[in-house]
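Notes follow once the structure below has been shown.
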Amino acid sequence: MFIMRFTERPYVAYTEEQVRSSFRSAVRLTFSNANFNPEIGARVYDEAFEENQYAEEAGFDGIMLNEHHNTPTCMGATMNLEAAVLARITRKPRIVLLGNPLPIFDNPVRLAEELAEIDMMSHGRLVSGFVRGTGIESWATNTNPIHNRERFEEAHDLVIKAWTTPGPFRWEGKHYHFRVVNPFQLPLQKPHPPVWIPGVGSPETLVWSAQHRYPYIYLETDVESTVQMMSIYGHVARQMGYQAGPQHFGYLWRIHVQDTDEKASAVGKGFLIGNAGIGRVPLPVDFMAPPGYNLRGQLSPQVQELYKKPLRHDPLYGGVDAANWEQVTATNRVVVGSPRTVIKKIRQGLELLRPGILGVWSNDGTISHEDSMRCLRLMKEEVLPAVREIARELELPGPFETAP
Amino acid sequence: MADHERMFVSAGGAKIEVLRGGRGRPLVALHSSEGNLGWLPLHQRLAAHFTVYAPTHPGYDGSERPPCLESFIDLARFYPWILQELGVGKATLLGHFVGGWLAAEMAAMCPEMVEKLVLIDAAGIKPQHGEIADIFLHGVEGTLALSFHDAARAREYQSLFMPGKSPEERARHTANREATTRYCWKPYAHDPMLPLLLGRLRVPTLIVWGREDRIVPLECAQMYRGAIAGARLAVIDRCGHFPHLERPDEFNRVLSDFLLR
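Respectively, the protein sequence lines represent chains Z and S. Numbered per numbering that gives the first Met the number 0, the first sequence spans residues 0 to 403. Numbered per numbering that gives the first Met the number 0, the second sequence spans residues 0 to 260.
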């Protein structure tokens, strides 16, 4: 099993009142950056780097980064910069970027260069994930959402070609046009760094990932939906002539451990603040999914049959007052507890989902740096060794243990 | 006999829906960002004097889109083909907001096909001082709230803008929003070259605007008048973005004065 550590590097020094008074009461996109204090921002980066350095010592196989725009919920706006720093302040763990939002790049060749530099500077430790980005990323960069998927696929093809086909060559696509593609910054890993695709389950992306044999990482989707969505990947894999296994699946899970269940529950509640406007106020639907962002009617009937993602209420969402913390923890939507409790809950999840990649979203929101460090220490001493043992017992190989 | 018929023409391999009614010289009514809202009272009134064509633009619900048709300029240069297939020669072009922008682009591109031009609270020109309200960012409800000076005065408001919630209606609504997104996202609702190109127009032009339009500021009406030689500007007081819906009597008076004299 491949185990990686994640946090969104959130900025939380603002009030719900301030968010409510922003245009359409949104914590992302239109919440004014006049509410941002760069001195606190600098501290967020300091703490995140310190935690990630310690994550190496704690035995994580990878450090996962992500990227969002126009939002305090994630300080990673250009995660490749953070990745470059991690390349030099860590030695062993994979640097897992989940992922660069391809559609918003007007110059994917530059992106191919940046990623190749990170791969060289880290001596071949890059995992290059790609995403479509949320609708907010389209808004923030003024990328027409109607072209989101087309640009995702074309930029991907161009980056892979830039990495694998000797230049110079010409690229005349629909959205990208280059006379002379010939970057000298090429990745160390051959044929190119591993590509993983994170997401919340757009069926089109699941199909596309399975067609490319890229591991798909479910981003904290609820367990029942995740099982359903995994069947889409498996269905396409069989059509492609291979059997999908744990090495093709990852699951990102909020897991916070403290010395006692009581403390973990009290501290872990900080997850409700921050990410995605969760814990503040809901985002307007068209901010997250502007017109055209979601395609309609282009799925095969078999996939449509498999894709019946329930639109039930998620107790994690809707703000601190609306969320139901007891339900959230009771259903393992968020895992909190003492090492013993957490290990037990992780086992239940691994038995059900059988991922080969586990993303540990160890802290977020108002969980303090001190509590986060304590959490990582307990992970090192008790949780990670136990999870590795469980993964061996359940036969859950990661992508580096089995050829994809 | 029905007051209008629904027909289809084929252009560039795409099946295009057209509503047609009335008798007389041709008048093409170009719908706006909401898509084709059907045979409206405005169409019916015009049909007393004109053969009125109300096509559904390619990509909006009801009409196909050739896959390579992507930008607003693509739409404008494709449209004369549709009119050619309809057998429409020289015609009066009338349009509101996005439809007005389309009429202005077509007129600037092919002035010889335009008899008269009617621009109603039209997009297309970037204001120098204000902004065209971002209908995407405001969302459907926010945009509607900005669209009327007094929505209660618009008799058709409920039926036009409060469609049912059936899956079919929602799908139509989504398709229309997507089409507007495709054509108008960037540059948002304007063509930087349009003011220059309008300088070649020598066709009689009426510009009608609601004085309280909070979507396209009145400044744009003045810019249109400055760009088109001899254009007439009629500003309707106590009226928002939809003068033909909010102040139909005054609107019709202004329109009749221009079209029928």
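Cβ atoms here follow ideal geometry from the backbone N, Cα and C, with glycine treated the same way.
Check the DSSP bridge columns for Trp-195/Z and list the partner residues they point to. For this step, residue 195/Z is matched to residue 196 along the first sequence. The partner list for Trp-195/Z (beta bridge, DSSP) is empty, contrary to what the question assumes.
Leaving out five residues before and five after Ile-88/Z in sequence, what residues of the same chain have Cβ atoms less than 7 Å from its Cβ? Reading the first sequence from its first residue, position 89 is the one you call residue 88/Z. Cβ within range, chain order: Phe-48, Gln-52.
Can you look up His-211/Z in the DSSP assignment and give me helix, strand or coil? Here residue 211/Z is taken as the residue at index 212 of the first sequence, counted from 1. Helix.
If you draw a straight line from the C-alpha of Asn-147/Z to the C-alpha of His-211/Z, how long is it? For the purposes of this step, residue 147/Z is identified with residue 148 of the first sequence, where counting begins at 1. For the purposes of this step, residue 211/Z is identified with residue 212 of the first sequence, where counting begins at 1. About 19 Å.
Starting from Tyr-52/S, trace the beta strand (DSSP E) both ways and give me its first and last residue. Locating residue 52/S in the second sequence gives position 53, counting from the first residue. That run of the beta strand (DSSP E) goes 49–54.
Residues near Leu-383/Z in its chain [Cβ-Cβ closer than 6 Å; skip 5 each side]: Residue numbering aside, residue 383/Z sits at position 384 when the first sequence is read from its first letter. Excluding positions up to five away in sequence, the list reads Gly-58.
Val-139/S in three-state terms, based on DSSP: Residue numbering aside, residue 139/S sits at position 140 when the second sequence is read from its first letter. If DSSP states are grouped into helix, strand and coil, Val-139/S belongs with the helices.
To the nearest angstrom, how far is it from the Cα of Arg-353/Z to the Cα of Glu-140/S? Taking the first residue of the first sequence as position 1, residue 353/Z is located at position 354. Taking the first residue of the second sequence as position 1, residue 140/S is located at position 141. About 44 Å.
Enumerate, from N- to C-terminal direction, the unbroken beta strand (DSSP E) stretches of 3 or more residues contained entirely within the region 167–209 of chain S. 204–209
Are Phe-257/S and Leu-205/S close, meaning C-beta to C-beta below 8 Å? Here residue 257/S corresponds to residue number 258 of the second sequence, with the count starting at 1. Here residue 205/S corresponds to residue number 206 of the second sequence, with the count starting at 1. Their beta carbons are under 8 Å apart, which means Phe-257/S touches Leu-205/S by this criterion.
Do Val-215/S and Asp-60/S have their CB atoms nearer than 8 Å? By one-based count along the second sequence, residue 215/S stands at place 216. By one-based count along the second sequence, residue 60/S stands at place 61. No, the pair does not count as a contact, with Cβ atoms beyond the cut-off.
With a cut-off of 8 Å, does the C-beta of Gly-261/S fall near any C-beta of chain Z? Residue 261/S is absent from the structure shown; chain S starts at 0 and stops at 260.
Proximity below 8 Å, CB of Leu-271/Z to CB of Ala-322/Z: Here the question's residue 271/Z lines up with position 272 in the first sequence. Here the question's residue 322/Z lines up with position 323 in the first sequence. Result yes, Cβ atoms of Leu-271/Z and Ala-322/Z sit closer than 8 Å.
Over what stretch of residues does the beta strand (DSSP E) that includes Ile-231/Z continue unbroken? Taking the first sequence and counting its residues from 1, the one referred to as residue 231/Z is at position 232. Element bounds for Ile-231/Z: not the beta strand (DSSP E) but the alpha helix (DSSP H), 222–239.
Sheet register partners of Tyr-250/Z (DSSP bridge): In the first sequence, residue 250/Z corresponds to position 251, counting from 1. BP columns for Tyr-250/Z point to Tyr-217/Z, Leu-357/Z.
Where do the N-terminal and C-terminal ends of the alpha helix (DSSP H) with Leu-383/Z fall, by residue? Sequence index remark: in the first sequence, residue 383/Z carries index 384 (1-based). Looking at the DSSP string, the run of the alpha helix (DSSP H) that includes Leu-383/Z is 383–393.
Residue span of the beta strand (DSSP E) that contains Asn-99/Z, given as start and end: Reading the first sequence from its first residue, position 100 is the one you call residue 99/Z. Taken as a continuous stretch (DSSP letters only), the beta strand (DSSP E) holding Asn-99/Z covers 93–100.
What does the alpha-carbon distance come out to for the pair Leu-294/Z and Glu-149/Z? Here residue 294/Z is taken as the residue at index 295 of the first sequence, counted from 1. Here residue 149/Z is taken as the residue at index 150 of the first sequence, counted from 1. When rounded, the distance between both Cα atoms is 11 Å.
Cα-Cα separation between Arg-181/S and Arg-346/Z, rounded to whole angstroms: Here residue 181/S refers to the residue found at position 182 of the second sequence. Here residue 346/Z refers to the residue found at position 347 of the first sequence. One C-alpha to the other measures close to 47 Å.
Does Leu-310/Z have its Cβ less than 8 Å from a Cβ in chain S? As a working mapping, residue 310/Z is identified with position 311 in the first sequence. Here Leu-310/Z scores only 49 on pLDDT, less than 50, and its place in the model should not be relied on; the value that follows carries that caveat. It does not: the Cβ of Leu-310/Z has no partner Cβ on chain S nearer than 8 Å.
Between Arg-291/Z and chain S, is any beta-carbon pair separated by less than 8 Å? Counting from one through the first sequence, the residue named residue 291/Z turns up at place 292. Checking the displayed sequence, the identity of residue 291/Z turns out to be Gly instead of Arg. Chain S contact via Cβ: present.
Going by DSSP in three states, Gly-94/S sits in which element: helix, strand or coil? In the second sequence, counting from the first residue as 1, residue 94/S sits at position 95. In this structure, Gly-94/S counts as strand in the three-state DSSP scheme.
Does the CB of Thr-142/S have a neighbour CB from chain Z at under 8 Å? Your numbering for residue 142/S matches position 143 in the second sequence. Answer no: the Cβ-Cβ gap between Thr-142/S and chain Z never drops below 8 Å.
Limits of the unbroken alpha helix (DSSP H) element including Ile-159/Z: In the first sequence, the residue the question calls residue 159/Z occupies position 160. Run containing Ile-159/Z: 147–163, per the alpha helix (DSSP H) assignment.
CB contact flag (Ala-106/S, Val-113/S, <8 Å): Here residue 106/S refers to the residue found at position 107 when the second sequence is read from its first residue. Here residue 113/S refers to the residue found at position 114 when the second sequence is read from its first residue. Cβ distance < 8 Å, so Ala-106/S and Val-113/S count as in contact.
Could you tell me which chain Z residues have their CB closer than 8 Å to the CB of Asp-135/S, listed as they occur along the chain? Position 136 of the second sequence, counted from the start, is the residue given in the question as residue 135/S. Looking at the sequence itself, residue 135/S is Phe, so the reference to Asp does not match. The contacting residues are Asp-285, Pro-289, Pro-290.
Could you give the distance in angstroms between the alpha-carbon of Ala-275/Z and the alpha-carbon of Val-222/Z? Indexing the first sequence from 1 puts residue 275/Z at position 276. Indexing the first sequence from 1 puts residue 222/Z at position 223. Reliability of the predicted coordinates at Ala-275/Z is poor, the pLDDT of 48 falling under 50, and the value obtained from them is presented with this limitation in mind. Rounded to whole angstroms, Ala-275/Z to Val-222/Z spans 19 Å at the Cα level.
Between the region 331–338 of chain Z and the region 189–209 of chain Z, do at least 3 Cβ pairs fall closer than 8 Å? no
Just confirm the distance between the C-beta atoms of Glu-245/S and His-95/S, as a whole number of angstroms; I'd bet it's less than 8 Å. Mapped onto the second sequence, residue 245/S falls at position 246. Mapped onto the second sequence, residue 95/S falls at position 96. 12 Å between Cβ atoms; not a contact.
Kindly list, in the order they appear in chain Z, the residues whose Cβ is closer than 9 Å to that of Lys-185/S. Numbered from its first residue, the second sequence carries residue 185/S at position 186. Per Cβ cutoff of 9 Å: Asn-141, Thr-142, Asn-143.
Beta-carbon spacing of Glu-177/S, Gly-291/Z below 8 Å: Here residue 177/S is taken as the residue at index 178 of the second sequence, counted from 1. Here residue 291/Z is taken as the residue at index 292 of the first sequence, counted from 1. Contact: yes.
Hey, how far is the Cα of Pro-57/S from the Cα of His-172/S? The sequence position of residue 57/S within the second sequence is 58, counting from 1. The sequence position of residue 172/S within the second sequence is 173, counting from 1. Taking the straight line joining both Cα atoms gives about 15 Å.
Exposed unless 16 or more other CB atoms sit within 10 angstroms - verdict on Pro-283/Z: Walking along the first sequence from the start, residue 283/Z turns up at place 284. When all chains shown are included, Pro-283/Z counts as buried.
Beta carbon proximity, Thr-180/S to chain Z, threshold 8 Å: In the second sequence, residue 180/S corresponds to position 181, counting from 1. Yes, its Cβ sits closer than 8 Å to a Cβ of chain Z.
Gln-262/S, buried or exposed, once every other Cβ within 10 Å from all chains shown has been counted against 16: A query on residue 262/S cannot be resolved here, the shown segment of chain S reaching from 0 to 260 and no further.
Counting only C-beta atoms, is Arg-169/S closer than 8 Å to chain Z at any point? Here residue 169/S refers to the residue found at position 170 when the second sequence is read from its first residue. No, Arg-169/S does not count as interfacial toward chain Z.
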